[in-house]
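S.K.: Pasting a structure below so you can have a look.
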Amino acid sequence: ETGVTQTPRHLVMGMTNKKSLKCEQHLGHNAMYWYKQSAKKPLELMFVYSLEERVENNSVPSRFSPECPNSSHLFLHLHTLQPEDSALYLCASSQDPLASGRAGELFFGEGSRLTVL
Amino acid sequence: DAKTTQPNSMESNEEEPVHLPCNHSTISGTDYIHWYRQLPSQGPEYVIHGLTSNVNNRMASLAIAEDRKSSTLILHRATLRDAAVYYCILRDVGNTGKLIFGQGTTLQVKP
Chain A
1 ETGVTQTPRH LVMGMTNKKS LKCEQHLGHN AMYWYKQSAK KPLELMFVYS
51 LEERVENNSV PSRFSPECPN SSHLFLHLHT LQPEDSALYL CASSQDPLAS
101 GRAGELFFGE GSRLTVL
Chain B
1 DAKTTQPNSM ESNEEEPVHL PCNHSTISGT DYIHWYRQLP SQGPEYVIHG
51 LTSNVNNRMA SLAIAEDRKS STLILHRATL RDAAVYYCIL RDVGNTGKLI
101 FGQGTTLQVK P
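Sequence order for the protein chains is A and B.
Counting in our numbering, the first sequence runs from 1 upward without gaps.
Counting in our numbering, the second sequence runs from 1 upward without gaps.
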């Protein structure tokens, strides 16, 4: 138990569906992250939120839409996905390094396994 | 972003020490050296991090070269549960502090 909870753990969706992934952290952190891990590939950073503002968007297609309503919750809204978007989506949180001046650790959830048919 | 180079895979025997190397010749002054590991079917977990001095914690030790262009993660007594992918990552706290993962080193531990 890392203090970062992701739901659902598994999701199967068609290309025309709209779904959302949810991440919740109970650690009092103020930075949250979405990563994508495809088979046999390194983790890819998708989005970074610091103090509820998006500070990083790594050229992610617009069919992925993040939302951070408060410092404890992070969503990834999915629509019109492609089969190649099938992957493990990992959420993480940390204290913001710019605000704290410290390079503290990231705490990861167990991930949401997404399959796009 | 400064990059790291690690061997693709390593093997170790159970209860023996393991030294996992990492090269980061383009490291900048504000880069911290982080190590994470990912066990099968789990998200990555933090192992250790450092800036200039060697660091120890309950999981491992981190030895950092004097010029900071390389580092070594040391597991003092490998167990079967240490079999994982180990990532050496440079984290720039002068930027957003993002962590960029590479391929990592897959560690196999033999009984």
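Ideal Cβ placement from N, Cα and C applies to all residues, glycine included.
Note that the coordinates shown come from a computational prediction; the quantities given were computed from them, not determined experimentally.
Find out if the Cβ-Cβ distance for the pair B/Pro44, A/Phe108 is shorter than 9 Å.
M.R.: For B/Pro44 and A/Phe108, yes; Cβs fall inside 9 Å.
S.K.: So, is A/Val12 buried or exposed, given that buried needs 16 or more other C-beta atoms within 10 angstroms?
M.R.: Exposed, because fewer than 16 other Cβ atoms sit within 10 Å of the Cβ of A/Val12.
S.K.: Span of the beta strand (DSSP E) holding B/Gly50?
M.R.: It spans Glu45 to Gly50 - the beta strand (DSSP E) in which B/Gly50 sits, taken as one unbroken run.
S.K.: Is the stretch 24 to 42 of chain B in contact with the stretch 58 to 77 of chain B, if contact means three or more CB pairs nearer than 8 Å?
M.R.: Yes, they touch.
S.K.: Would a C-beta distance cut-off of 9 Å place A/Ala92 and A/Leu106 closer than the cut-off?
M.R.: Going by C-beta atoms, A/Ala92 is nearer than 9 Å to A/Leu106.
S.K.: On the criterion of 16 or more Cβ atoms from any shown chain inside 10 Å, does A/Pro66 qualify as buried, or is it exposed?
M.R.: Buried, because 16 or more other Cβ atoms sit within 10 Å of the Cβ of A/Pro66.
S.K.: Please state whether DSSP places B/Arg91 in a helix, a strand or coil.
M.R.: Of the three classes helix, strand and coil, the one that applies to B/Arg91 here is strand, per DSSP.
S.K.: Check the Cβ of A/Glu52 against every Cβ in chain B and list those closer than 7 Å, keeping chain order.
M.R.: Those within 7 Å of A/Glu52 in chain B number zero; the least Cβ separation is about 14 Å.
S.K.: Considering just the uninterrupted stretch of the beta strand (DSSP E) at A/Lys22, what are its terminal residues?
M.R.: Element bounds for A/Lys22: Lys18 to Gln25.
S.K.: In chain order, what residues of the same chain have a beta carbon less than 6 Å from the beta carbon of B/Thr5, not counting five sequence neighbours either side?
M.R.: Closer than 6 Å at Cβ, skipping near neighbours: Asn23.
S.K.: Return the chain-ordered list of same chain residues with a C-beta closer than 8 Å to the C-beta of A/Thr5, the five sequence neighbours on each side being excluded.
M.R.: Cβ within range, chain order: Cys23, Glu24, Gln25, His26 and Gly109.
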